[in-house]
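Residue numbers (our numbering): 3 to 491.
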RNA sequence: GCCGCCUUAGCUCAGUUGGUUAGAGCGCCAGAUUGUGGCUCUGGAGGUCCUCAGUUCGAACCUGAGAGGUGGUACCA
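So, in structure tokens, the structure goes:
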């Protein structure tokens, strides 16, 4: 070699990306299968679209030509067009629906799951690549379409394994706050946005913090100042009264909201929508503790046009250190009536919901609802002598043919290391086929599960090895039933 | 994006008022135990002390910049 040291890259994951091993993948796949089944049972068809979209199809948010990678991961194709990795599953759906609108059955109902990517600062529980599972109805303006999406989300939470009471859907409608602001004379778009942002912080800052943000602004503990919406005191109090109207049954909440916002045309339309959602939910068998109206729910700022919903974990869970974790939102959605119109010029009403699959899986784990067992390894065929490899593979093949996961040890270490390997893989058993067994036409099978349970009581290695717990030598023909008995426990 | 804190072995962390070969526990590898996982004992491997620049006779330690992480805040399709 040369004097210059070889370049050695750091073996590390890219920032905000993560590796997922068997245990996580299994939980995730189970989750996707169960939620997909719920969606299909409601008549939604599967759809998969590409990871990349042309950047202009992704939405008005970003990227712009000066900063193509702000928010998304974008590359310039060789025909000078910007392509970007999708940041959610809704924008690709809008593109797909617009592209095939003429031939689709309408309303078009589809579900989709897969990774999405966001080029932004990662944090704990917040990655730049994550899995979403999404269901949308495109082409129906009926509030019942919203109600059905909500009911499916509720069913999805339960199918995922979250017991009733562990999670709930909170529902709001943009029209309500719009109507309220209209009635109080707030019309500037910027001011409306600022009000939404302030309301969104209710759970963190409380009514007093929100009151400051609705008015002149708020200085936080670090001394940073956030400019407020600049509302008059009376208007601010009306907003606060509105966001405090949650609690109790859906119809109780509706009555309270009506008392606060009554008057404007848009507000009344929002109330009418919610009343119909309530009626449909009741018909769908969704109870008041599973889905409730919550006026402080905001979601995205410019995207949603009517109903908005958010799935929240209600349990207080503890992390490994015993500290309290609040998961908050594990999914959300709402009505977006302008998305497809970006492509076609024709308004198409749509509504949908998206689970954050990784967050849901993490929440399930923390709630102790997920099967957190480690993944079992295969039956391991021990290699005594390289000359007998064909025999070992034959044995592994017999096990596989019987539906038992099996592998021949492919390292070069000795017996002890092979046992350790099987133990670490959490294998149920090892098959030993040394010269003695081959000569006698037998196999030796060792039940590792039994050994694992007995090991705790054994004091010295001498005894442990002499006892050879769960080990039996028997004719080749009796191998499969013996292993099957071990697998059954 | 802005503000604070942190960064020493695979992991969790000690350490040094700036001074020769940087430590522990756990984990990993091997032996005691030629065909047997745990326990015990013995031995071993593993470090650009985050990076770069500066101060100094001398920097893992002091200073500055940067990167990564983390907490808060802002934004969030």
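We treat Cβ as the ideally placed atom computed from N, Cα and C, and that holds for glycine.
It should be emphasised that the depicted structure is a prediction, and the values quoted were computed from it without experimental measurement.
Please classify residue 323 as buried or exposed, where buried requires at least 16 other C-beta atoms within 10 Å of its C-beta.
Legend: pLDDT at residue 323 = 48, less than 50; position of this residue unreliable, value from coordinates given subsequently. Residue 323 is exposed by the Cβ-count criterion.
What residues in its chain sit with their C-beta under 7 Å from that of residue 137, if we drop five residues either side in the sequence?
Here the set comprises 41, 46, 113, 151, 154, 354, 355.
Return the residue from the list 105, 110, 104, 59 that minimises the CA-CA distance to residue 85.
The residue with the shortest Cα to Cα distance from residue 85 is 59.
Tell me the DSSP bridge mates of residue 189?
In DSSP, residue 189 forms no bridge with anything.
Can you say whether residue 19 is buried or exposed, counting buried as having 16 or more other CB atoms within 10 angstroms of its CB?
Exposed, because fewer than 16 other Cβ atoms sit within 10 Å of the Cβ of residue 19.
Any idea which residues DSSP pairs residue 132 with across the strands?
In DSSP, residue 132 forms a bridge with 118.
Just to confirm the assignment, what range does the beta strand (DSSP E) spanning residue 54 have?
Start and end: 54 to 56.
Okay, do the segment 158 to 165 and the segment 139 to 150 touch, 3+ Cβ pairs below 8 Å being the bar?
No, they do not touch.
So residue 383 and residue 410 are in contact, right, with Cβ under 8 Å, and what is the actual spacing, rounded?
Indeed they touch by this definition, with Cβ atoms about 5 Å apart.
Could you compute how far the alpha carbon of residue 234 sits from the alpha carbon of residue 140?
Between residue 234 and residue 140, the C-alpha separation is close to 39 Å.
For the segment 268 to 287 against the segment 176 to 194, do three or more pairs of beta-carbon atoms, one drawn from each stretch, fall closer than 8 Å, so that the two count as touching?
Yes, since at least three Cβ pairs between the segment 268 to 287 and the segment 176 to 194 fall closer than 8 Å, the two stretches touch.
Roughly how many whole angstroms lie between the Cα atoms of residue 105 and residue 89?
Distance between the alpha carbons of residue 105 and residue 89 is about 26 Å.
Under a three-way DSSP split, which group does residue 11 fall into?
Of the three classes helix, strand and coil, the one that applies to residue 11 here is coil, per DSSP.
Would you grab the beta carbon distance between residue 74 and residue 121 for me? Rounded to a whole angstrom, and I think it's under 8 Å.
Confirmed, about 6 Å.
In the segment 160 to 219, which residue ranges form an unbroken beta strand (DSSP E) of at least 3 residues, counting only runs that do not cross its ends?
Counting only runs of 3 or more, we get 169 to 175.
Could you give the distance in angstroms between the alpha-carbon of residue 65 and the alpha-carbon of residue 279?
Because the pLDDT at residue 65 is just 45, under 50, the model does not fix this residue reliably, and the value given afterwards should be weighed accordingly. The alpha-carbon atoms of residue 65 and residue 279 are separated by roughly 36 Å.
Residue 115 and residue 87 look like a contact to me (Cβ under 8 Å); what is the Cβ gap, rounded to whole Å?
Not really, about 16 Å apart at Cβ, beyond 8 Å.
If you compare alpha carbons, which of 341, 358, 433, 360 is closest to residue 385?
Comparing Cα-Cα distances from residue 385 to each of 341, 358, 433, 360, the minimum goes to 433.
Here's a check: name, in chain order, each residue in its chain whose Cβ is nearer than 7 Å to the Cβ of residue 426, leaving out the five neighbours to either side.
Answer for residue 426: no residue qualifies.
Below 9 Å between beta carbons: does that hold for residue 313 and residue 287?
No, the pair does not count as a contact, with Cβ atoms beyond the cut-off.
Taking residue 91 as the reference, give the member of 295, 119, 38 with the closest Cα.
Closest option to residue 91, Cα to Cα, is 119.
Going along the chain, which residues of its own chain have a beta-carbon closer than 6 Å to the beta-carbon of residue 146, five neighbours each way excluded?
The residues are 282.
For the beta strand (DSSP E) containing residue 78, name the first residue and the last one.
It spans 76 to 78 - the beta strand (DSSP E) in which residue 78 sits, taken as one unbroken run.
Report buried or exposed for residue 292, applying the criterion of at least 16 other Cβ atoms within 10 angstroms of its Cβ.
Result: buried.
DSSP on residue 300, reduced to helix/strand/coil?
Of the three classes helix, strand and coil, the one that applies to residue 300 here is coil, per DSSP.
Which stretch, first to last residue, makes up the beta strand (DSSP E) that contains residue 449?
Residues 444 to 449.
Could you have a look at residue 383 and say whether DSSP puts it in helix, strand or coil?
Looking at residue 383 - three-state DSSP - the assignment turns out to be strand.
Rounded to the nearest angstrom, what separates residue 420 and residue 468 at their Cα positions?
Going by the C-alpha atoms only, they are around 18 Å apart.
Grouping DSSP H, G and I as helix and E and B as strand, with all else coil, what is residue 290?
Reduced to three states, the DSSP call for residue 290 is coil.
Ordered along the chain, which non-local residues of its own chain (more than five positions away) have a Cβ less than 8 Å from that of residue 3?
Residue confidence is low: residue 3 scores 38 on pLDDT, short of 50, so the model does not pin down where it sits. No coordinate-derived value is stated.
Would residue 296 be called buried (16 or more neighbouring beta carbons within 10 Å of its own) or exposed?
Buried: at least 16 other Cβ atoms inside 10 Å.
Measuring only the C-alpha atoms, how far is residue 208 from residue 246?
If I take the Cα positions, the gap works out to 10 Å.
Kindly list the residues whose CB is nearer than 7 Å to the CB of residue 63, restricted to its own chain and excluding five residues on each side of it in sequence; keep chain order.
Below a pLDDT of 50, predicted positions are generally treated as unreliable, and residue 63, at 49, falls in that range; no measurement from the model is reported.
Starting from residue 84 and walking both ways along the alpha helix (DSSP H), at which residues does that stretch end?
That residue, residue 84, is in no alpha helix (DSSP H); its beta strand (DSSP E) goes 84 to 87.
For the beta strand (DSSP E) that contains residue 473, what are its first and last residues?
Run containing residue 473: 473 to 477, per the beta strand (DSSP E) assignment.
Could you name the residues of the same chain whose beta carbon sits closer than 7 Å to that of residue 142, not counting the 5 residues immediately before and after it, in chain order?
Only 109, 351 meet the Cβ criterion.
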